[in-house]
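The opening position of the sequence shown corresponds to residue 37 in the working numbering, with each subsequent residue numbered one higher. No residue lacks a Cβ here, since even glycine has one placed at the ideal position from N, Cα and C.
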Amino acid sequence: MGNRTPLAATLAANSISTAGTSLTLIGVPWFVLETTGSAGRAGVVAFCATLPIVVAALIGGPVIDRFGRRRTAIVSDTVCAAAIAAIPLLHFAGVLDFWMLCALMALNGFSHTPGNTARYVLIPDLAEHAGTTLPRAASLFDAVSRGARMVGAALAGILIAFVGAETVLLLDAATFGLSALLIATGVRGVPAAEPRKDEAPVSLRAYGTELREGYAHVLGNRLLLAVVVMVMFMNGTDQGWYAVLLPVHAEAELGGATHIGLLTALFGAGGLTGALLYGAVGHRFPRRAVFTVCVILCGAPRFLVAAVTGTTLPLAVTMLLGGIAGGVLNPILTTVVYERVPDRLRSRVSGALTAGSEFAMPVGGLAAGLLVEGAGATGALLAMGGVYFLATLSPLVFPSWRTLDDGPGAEPVREAPGPEPVPSAQAQAPAQVSSSGPSRPTPGP
Numbered sequence: 037m038g039n040r041t042p043l044a045a046t047l048a049a050n051s052i053s054t055a056g057t058s059l060t061l062i063g064v065p066w067f068v069l070e071t072t073g074s075a076g077r078a079g080v081v082a083f084c085a086t087l088p089i090v091v092a093a094l095i096g097g098p099v100i101d102r103f104g105r106r107r108t109a110i111v112s113d114t115v116c117a118a119a120i121a122a123i124p125l126l127h128f129a130g131v132l133d134f135w136m137l138c139a140l141m142a143l144n145g146f147s148h149t150p151g152n153t154a155r156y157v158l159i160p161d162l163a164e165h166a167g168t169t170l171p172r173a174a175s176l177f178d179a180v181s182r183g184a185r186m187v188g189a190a191l192a193g194i195l196i197a198f199v200g201a202e203t204v205l206l207l208d209a210a211t212f213g214l215s216a217l218l219i220a221t222g223v224r225g226v227p228a229a230e231p232r233k234d235e236a237p238v239s240l241r242a243y244g245t246e247l248r249e250g251y252a253h254v255l256g257n258r259l260l261l262a263v264v265v266m267v268m269f270m271n272g273t274d275q276g277w278y279a280v281l282l283p284v285h286a287e288a289e290l291g292g293a294t295h296i297g298l299l300t301a302l303f304g305a306g307g308l309t310g311a312l313l314y315g316a317v318g319h320r321f322p323r324r325a326v327f328t329v330c331v332i333l334c335g336a337p338r339f340l341v342a343a344v345t346g347t348t349l350p351l352a353v354t355m356l357l358g359g360i361a362g363g364v365l366n367p368i369l370t371t372v373v374y375e376r377v378p379d380r381l382r383s384r385v386s387g388a389l390t391a392g393s394e395f396a397m398p399v400g401g402l403a404a405g406l407l408v409e410g411a412g413a414t415g416a417l418l419a420m421g422g423v424y425f426l427a428t429l430s431p432l433v434f435p436s437w438r439t440l441d442d443g444p445g446a447e448p449v450r451e452a453p454g455p456e457p458v459p460s461a462q463a464q465a466p467a468q469v470s471s472s473g474p475s476r477p478t479p480g481p
């Protein structure tokens with residue numbers, strides 16, 4: 037029997053941090069709409085919050101290895117707590133300008149990504165440390181994350197209605213602090229969580245080489261490229277949905293913030309159910325067939341239903357069913373990634389996957405705000421939903437998806453073009469697909 041404390045602490049920290057992120061996901065757009073009344077400004081805030089996520093993912097992989105995964109998670113959560121807490125505190129003091137809100141959300145996005153990645157890449161080592169299987173740990177990681185999103189969304193809607201968006205943001209800051217404390221006290225005695233001692237001396241050349249290792253690993257595998265491109269469009273339109281379209285639709289047609297919380301919680305409940313179902317019986321079925329059906333059902337229908345109805349019930353049913361389909365996706369992607377990326381490259385490859393899959397998120401939130409102001413809410417919903425649907429047809433169109441059912445080693449890594457050769461250590465294992473959340477290639481909120 038292994039030591040399960042580090043795994044349990046990481047799962048708990050990630051769930052608490054994820055619940056807090058759900059508070060921000062609902063609280064900040066509602067705060068902007070309440071204080072400015074502008075969908076366009078809500079889109080600008082979403083842009084400022086997500087662009088730094090991409091920047092951090094682009095450059096952060098080697099930093100996590102050198103600084104240590106445990107330290108990275110602690111510092112990341114601490115900075116996020118300070119940034120989020122500053123928003124309501126400055127507002128209460130009467131000195132919060134719009135540019136300050138944008139800057140604080142940018143700091144939060146930049147700091148949040150390394151912590152998410154650090155926790156994610158630790159799971160295989162923590163599973164071994166705990167004496168449990170990787171598929172079980174991957175499914176559990178995704179299930180508790182989705183359960184946390186469900187709880188956080190429900191709480192956000194209720195709390196905004198009763199105590200205001202400002203108090204919700206203070207609670208979010210507290211969740212980041214608690215997450216940092218859990219990692220600091222619970223993740224000890226795990227070598228993979230500590231700084232790498234065998235890395236080359238710090239230099240711009242060495243850092244660039246390490247970055248290229250991660251990106252070449254992704255570029256050298258057609259399945260990884262297909263996943264990143266598909267999820268990039270899905271995450272971009274999802275950002276537009278949660279940051280602008282759903283708040284605007286709820287304010288105009290539904291019952292306000294409480295209905296946003298209800299709908300987001302139902303999606304999270306469906307995601308939790310889907311993840312648990314896949315963990316229990318999903319491995320008995322071909323990955324590609326299950327993934328293809330679920331990815332088509334998980335997102336686009338909610339845009340259409342919101343565009344053609346002005347009541348909560350049809351959208352609630354659609355969100356629940358879409359959540360179940362979406363919950364199946366991440367365990368598949370997570371397992372494939374963990375199977376195929378060696379530990380030495382895991383942080384760098386995860387950073388590359390995150391950067392690619394979240395590349396469109398800043399544009400998605402901004403585009404949604406501009407579309408609402410230019411074409412109206414219905415036109416924006418139909419346009420963004422159409423993009424989502426076309427993206428999810430990828431597994432039916434591109435041959436690279438056929439390798440989703442293959443085990444490790446099925447597709448050799450091809451060296452990506454670049455000014456310098458990629459170190460041979462990269463070829464130890466083929467590239468893999470990552471699951472996501474906000475910081476990994478993960479469809480859904």
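Please classify residue i: does DSSP put it in a helix, a strand, or coil?
i: V373; result: helix
i: G445; result: Here G445 scores only 48 on pLDDT, less than 50, and its place in the model is too uncertain to base an answer on.
i: N39; result: coil
i: G130; result: coil
i: P457; result: Low local confidence applies: a pLDDT of 30 at P457 is under 50, so the model's placement there is unreliable, with the coordinate-based value given in what follows. Reduced to three states, the DSSP call for P457 is coil.
i: L125; result: helix
i: L59; result: helix
i: Y224; result: According to the sequence as given, residue 224 is Arg; it is not Tyr. In this structure, R224 counts as coil in the three-state DSSP scheme.
i: E287; result: helix
i: E70; result: helix
i: V64; result: helix
i: L47; result: helix
i: G276; result: helix
i: T294; result: helix
i: G79; result: helix
Between residue i and residue j, is the Cβ-Cβ spacing less than 7 Å?
i: V204; j: I194; result: no
i: V284; j: P42; result: no
i: M266; j: S430; result: yes
i: L340; j: G400; result: no
i: A179; j: L312; result: yes
i: L140; j: A122; result: yes
i: G145; j: T86; result: yes
i: G291; j: A396; result: no
i: S175; j: P367; result: yes
i: V372; j: Y314; result: no
i: T46; j: R155; result: yes
i: E394; j: V90; result: yes
i: L402; j: F83; result: yes
i: I110; j: A220; result: yes
i: L259; j: T439; result: yes
Quick one: residues in its chain with C-beta nearer than 6 Å to the C-beta of residue i, no 5 flanking neighbours on either side, listed in chain order?
i: L132; result: L126
i: A163; result: L170 and A173
i: F302; result: Residue 302 is actually Leu in this sequence, not Phe. Result list for L302: A352, M355 and L356, in chain order.
Skipping 5 residues on each side, what residues in its chain have a beta carbon closer than 8 Å to that of residue i?
i: L281; result: F339, A342, A404, V408, A413, A416, L417 and M420
i: W66; result: I196, A201, P283, A293 and I296
i: T328; result: P431, L432 and W437
Return the chain-ordered list of same chain residues with a C-beta closer than 7 Å to the C-beta of residue i, the five sequence neighbours on each side being excluded.
i: A336; result: G421, Y424, F425 and T428
i: S53; result: D113, T211, F212 and S215
i: A189; result: S58, I62, G297, T300, A301 and G304
i: V81; result: V64, V68, L137, C138 and M141
Write down every uninterrupted run of the beta strand (DSSP E) in the stretch 303 to 333 whose length is 3 residues or greater and which is fully enclosed by it, in chain order. none
Entirely enclosed alpha helix (DSSP H) segments - the stretch 389 to 453, minimum 4 residues: 397 to 428 and 430 to 433
Any chance you could list the alpha helix (DSSP H) runs of at least 4 consecutive residues sitting entirely within the stretch 163 to 217, in chain order? 170 to 199
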